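Protein chains in written order, with full-length UniProt numbering: chain Y, 1 to 302; chain U, 1 to 226.
Idealized CB from N, CA, C, for every residue including glycine.
Computed from a prediction, not measured in an experiment: that's the story for all the values here.
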């Protein structure tokens with residue numbers, strides 16, 4: 001091809017032009033046929049959305065041991081905020097919130113189950129991280145998680161400010177984790193930190209008066225305060241924000257957009273009542289009705 | 001087909017950087033085991049004499065204690081001492097003393113049986129001889145039964161001490177900063193699981209073996225010739 005004689009363009013000979021012409025004709029002939037073969041494998045509009053509609057059942061990956069997100073009631077049925085949101089998607093798809101098949105999975109199976117098509121979507125308090133976003137696609141957020149300080153209602157300390165004034169007398173339990181001590185010291189710089197090996201013992205240490213506060217997920221604090229209002233209280237301080245969103249297998253913008261639409265409308269418009277009721281049920285907080293008129297998501301904050 | 005190759009690069013420096021947590025934890029574990037063995041031995045001695053006494057009530061009480069403790073996991077006792085006792089108003093024990101108490105009660109049950117077997121192994125002629133030279137019952141226990149019994153049970157006491165030392169690993173469940181707790185801390189903060197557990201396993205092994213060698217010398221020194 002004689003690159004040494006000049007630029008590639010300059011060196012194109014007549015023979016090359018003939019070859020190019022033949023190639024172009026061949027491509028124009030074969031391409032529709034190739035495209036039609038692809039269309040045969042995945043008919044027009046046959047993305048995940050159509051697949052789910054045809055199946056008449058939504059398959060959702062979730063857990064079963066983490067209240068208030070996904071856990072079992074006394075009859076063994078899955079309940080929780082994640083479950084409510086999954087049912088909302090099913091309601092949008094089939095006008096029937098019961099058309100969901102839940103696949104119980106450990107947190108480390110969330111991404112593998114998605115990418116191997118075992119499930120259509122994950123609703124399992126999945127924290128959005130840049131690393132995970134390279135493997136899955138996240139929907140819009142449906143909750144902003146944080147860490148909060150759970151306290152006993154009978155505690156001699158009233159709230160966060162009171163804990164702060166307790167200085168190094170304050171003891172806080174937290175799950176053993178990377179930098180757990182520094183993490184607690186962001187909220188209570190002089191506190192004594194007790195690192196325990198499970199969330200259950202972190203809360204148990206509070207129950208047994210071994211500590212003055214337990215640093216746990218804010219949603220857990222809200223759930224426990226709703227469930228046991230006479231026993232627990234929230235210190236009123238939250239930190240370390242992280243986003244929860246649903247996740248799908250990458251490469252299907254129609255399906256992702258559909259889920260985003262359902263979640264968006266649930267948090268701002270048509271299905272707001274359902275989202276509000278779930279939020280109240282699991283976190284004990286009544287959300288304000290979105291204002292009518294200018295869309296709330298573009299509204300300025302004054 | 002190429003076989004799947006997993007390359008793992010060791011980073012021992014991560015463990016050396018935090019080695020003070022492991023050394024500190026090792027010495028704390030040894031202290032916990034020694035204190036628990038001492039208290040457990042006192043419980044065990046009392047239990048052994050109660051189990052061999054003429055009182056049916058005492059025998060029944062200590063038999064129940066031994067059976068209860070022998071059939072309950074140590075971790076459960078630790079949780080009970082640390083999380084359960086404050087619920088009934090006993091909260092003056094911190095995590096270290098809660099653990100020592102649980103371990104002492106646990107070892108006390110096993111040592112009751114060890115000492116009982118030791119007392120049972122003393123030839124009756126020794127006790128009869130004590131009586132013959134005019135020793136009171138208490139003097140007989142102090143000058144004849146206890147010295148002979150301790151020599152008989154020394155090998156079992158050594159084993160119990162090594163077991164107790166290894167059991168101190170369970171103290172990590174209530175945040176006592178012993179060796180295993182130190183290892184978990186390094187793991188969760190550096191994710192160097194293989195390096196950390198390798199070093200910790202070696203530390204347990206060397207320490208346990210050193211204790212065994214030392215106690216074997218003591219056993220030889222005080223061996224009973226029968």
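Contacts of residue i in chain U (Cβ-Cβ under 7 Å)
i	result
residue 176 (chain Y)	184 and 188
Residues that DSSP places opposite residue i in a beta bridge
i	result
residue 341 (chain Y)	Lying outside 1 to 302, the shown extent of chain Y, residue 341 (chain Y) is not represented and no answer is given.
residue 193 (chain Y)	Y:172
residue 233 (chain Y)	Y:151
residue 217 (chain Y)	Y:147
residue 121 (chain Y)	Y:60
residue 104 (chain Y)	Y:62
residue 127 (chain Y)	Y:244
Nearest neighbour of residue i, chosen from the options [CA to CA]
i	options	result
residue 203 (chain U)	U:13, U:9, U:61 and U:24	U:24
residue 211 (chain U)	U:158, U:173, U:200 and U:46	U:158
residue 49 (chain Y)	Y:72, Y:68 and Y:94	Y:94
residue 242 (chain Y)	Y:296, Y:251 and Y:218	Y:218
residue 39 (chain U)	U:73, U:67, U:16 and U:112	U:112
residue 168 (chain Y)	Y:150, Y:265, Y:193 and Y:144	Y:193
residue 278 (chain Y)	Y:252, Y:226 and Y:230	Y:226
residue 220 (chain U)	U:84, U:154, U:70 and U:119	U:154
residue 240 (chain Y)	Y:179, Y:112 and Y:53	Y:179
residue 146 (chain Y)	Y:126, Y:106 and Y:156	Y:126
residue 182 (chain U)	Y:64, Y:184 and Y:195	Y:195
residue 295 (chain Y)	Y:264, Y:203 and Y:273	Y:264
residue 107 (chain Y)	Y:150, Y:91, Y:75 and Y:70	Y:70
residue 161 (chain U)	U:31, U:19, U:53 and U:7	U:31
residue 220 (chain Y)	Y:171, Y:183 and Y:284	Y:284
residue 15 (chain U)	U:206, U:195 and U:216	U:195
residue 140 (chain Y)	Y:154, Y:123 and Y:150	Y:123
residue 183 (chain Y)	Y:104, Y:238 and Y:114	Y:238
residue 175 (chain U)	U:126, U:99 and U:147	U:99
residue 156 (chain U)	U:127, U:60 and U:114	U:114
residue 170 (chain Y)	Y:59, Y:257 and Y:185	Y:185
residue 201 (chain U)	U:180, U:186 and U:73	U:180
DSSP state of residue i mapped onto helix, strand, coil
i	result
residue 203 (chain U)	helix
residue 90 (chain U)	coil
residue 8 (chain U)	coil
residue 238 (chain Y)	strand
residue 211 (chain U)	helix
residue 191 (chain U)	coil
residue 268 (chain Y)	helix
residue 286 (chain Y)	coil
residue 94 (chain Y)	helix
residue 100 (chain U)	helix
residue 156 (chain Y)	coil
residue 112 (chain U)	helix
residue 261 (chain Y)	helix
residue 222 (chain U)	coil
residue 40 (chain Y)	Any reading at residue 40 (chain Y) must be qualified, since the residue scores a pLDDT of 39, below 50, and its modelled position is unreliable; the value itself is stated next. DSSP places residue 40 (chain Y) in helix when its eight states are reduced to three.
residue 18 (chain U)	coil
residue 147 (chain U)	helix
residue 188 (chain Y)	coil
residue 303 (chain Y)	What is shown of chain Y runs 1 to 302, which leaves residue 303 (chain Y) out entirely.
residue 208 (chain Y)	coil
residue 176 (chain U)	coil
residue 155 (chain U)	helix
residue 131 (chain U)	helix
residue 162 (chain U)	helix
residue 299 (chain Y)	coil
residue 161 (chain Y)	helix
residue 35 (chain U)	helix
Neighbouring residues, chain Y, relative to residue i (Cβ below 8 Å)
i	result
residue 173 (chain U)	196, 197 and 201
Under 9 Å from the C-beta of residue i: neighbouring residues of chain Y
i	result
residue 91 (chain U)	208, 209 and 210
residue 83 (chain U)	201, 204, 205, 207, 208 and 210
Interface partners of residue i on chain U, CB under 8 Å
i	result
residue 179 (chain Y)	189
Where residue i meets chain Y, residues with beta-carbon distance less than 7 Å
i	result
residue 86 (chain U)	208, 209 and 210
The ligand GTP heavy atom lying under 8 Å from the CB of residue i
i	result
residue 28 (chain U)	The ligand content of the structure shown is nil, which means the ligand GTP is not present either.
Whole beta strand (DSSP E) runs in the segment 48 to 92 of chain Y with 3 or more residues, listed along the chain?
58 to 62 and 70 to 72
Segments of 4+ residues assigned as alpha helix (DSSP H) that fall wholly inside the segment 49 to 80 of chain U:
56 to 70 and 74 to 79
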